[in-house]
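Below is one structure, written out as structure tokens; the observations come after it.
Numbering (this note's numbering), first residue to last: 2 to 259.
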């Protein structure tokens, strides 16, 4: 079990993990929501799943941990309220309760991408090419401590991004809170940048781009199975990642149709 406050809504939530046959899914007030892209209802500053009027926000960090651990099925995640705890702003604190469940079940076969697939949204781009699974992420922020950053890795390097925390900018905080977001943002659960630098020490020189890679792994998990493809993400966002996974789901459906 793990518990804590949500970053955006501020609700206190407890999370319990139960090995259970079937797809990975969340249970919120007796409503079960599969961790699949067709259940995404919002991608504004986080990924939100929903079904039958129930919504669950900020699922991406937990899903990134599941992605890295290779846990793709046979798990029920019981949640007491509508947002997962932000914890320290990274995904590392999810690893201990998940490891207590034992060895993950055998994953489904990877979906092998046969042809290139590009998704472009405004200035964001995700390019997928046939080949071995790998992830390359690039960001560019007009800030002296961020600027252009890159991270790339094969699946065995994916654990490197799990300790990277979410980040934001001090000048955006008032705007976000006016929209009902980031109500509990603090130096304990996010990297905060002012106009000169970070208000706390970074864990890695490129922690912002590592966190973007973490977010991508969480959103890609919503495909429901491993993906064998080389991915390059430029200026990524939850909206971009989810749009890409929806394209993948369409490809998978056509692949399975006789």
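Cβ coordinates follow ideal geometry from the N, Cα and C atoms, glycine included.
Everything numeric in this text was worked out from a predicted model, so none of it was measured.
Residues of its chain near residue i, where Cβ-Cβ distance is below 6 Å and the 5 sequence neighbours each way are ignored
i           : result
residue 258 : At residue 258, the pLDDT of 46 sits below 50, so the modelled position is not reliable and the matter cannot be decided from this model.
residue 216 : 61
residue 127 : 120, 234, 241, 245
residue 141 : 149
residue 171 : 193, 195
residue 262 : Because residue 262 is not part of the residues shown, which for the chain are 2 to 259, the question remains open.
residue 10  : 84
residue 155 : 135
CA nearest to the CA of residue i, picked from the options
i           : options            : result
residue 116 : 236, 237, 231      : 231
residue 124 : 225, 159, 139      : 139
residue 48  : 196, 78, 252, 244  : 244
residue 12  : 35, 88, 26         : 88
residue 5   : 189, 239, 256, 220 : 189
residue 94  : 141, 64, 107       : 64
residue 55  : 27, 45, 17, 164    : 27
residue 229 : 152, 79, 136, 167  : 136
residue 150 : 195, 212, 134, 107 : 212
residue 160 : 25, 221, 96, 236   : 96
residue 102 : 29, 67, 198, 201   : 67
residue 200 : 210, 207, 187      : 187
residue 111 : 225, 146, 30       : 225
residue 90  : 191, 221, 255      : 191
residue 7   : 181, 109, 162      : 181
residue 251 : 10, 202, 15, 114   : 114
residue 14  : 144, 108, 59, 133  : 59
residue 198 : 145, 173, 174, 37  : 145
Alpha helix (DSSP H) segment containing residue i, residue limits
i          : result
residue 96 : 96-100
residue 65 : 61-70
Residue range of the beta strand (DSSP E) that includes residue i
i          : result
residue 82 : Unbroken run through residue 82: none, as it is neither H nor E.
residue 41 : 41-43
residue 17 : 13-24
residue 10 : Looking at the DSSP string, residue 10 is not in any beta strand (DSSP E), and its letter there is neither H nor E.
Residues that DSSP places opposite residue i in a beta bridge
i           : result
residue 121 : 126
residue 260 : Lying outside 2 to 259, the shown extent of the chain, residue 260 is not represented and no answer is given.
residue 229 : 113
residue 49  : 43, 58
residue 4   : 15
residue 241 : Bridge partners of residue 241: none, in fact.
Beta-carbon contacts of residue i that lie in its chain and below 7 Å, excluding the five residues immediately before and after
i           : result
residue 106 : 74, 75
residue 53  : 32
residue 205 : 165, 211
residue 70  : 99, 105
residue 118 : 129, 248
residue 122 : 240, 241, 244
residue 19  : 77, 79
Cβ neighbours of residue i in the same chain (closer than 8 Å, five flanking residues each side left out)
i           : result
residue 237 : 125, 127, 138, 140, 213, 216, 217
residue 209 : 140, 142, 147, 150, 165, 168, 192
residue 57  : 27, 29, 34, 49, 50, 51, 80, 83, 84, 85
residue 177 : 46, 169, 183, 186
residue 42  : 49, 50, 51, 56
Check: residue i C-beta below 7 Å from any heavy atom of the ligand GTP
i          : result
residue 65 : In terms of ligand content, the structure shown is empty, and the ligand GTP therefore cannot be addressed.
Runs of alpha helix (DSSP H) lying entirely within the region 133-211, each at least 4 residues, in chain order: If only uninterrupted alpha helix (DSSP H) runs of at least 4 residues are considered, those enclosed by the region 133-211 are 174-179.
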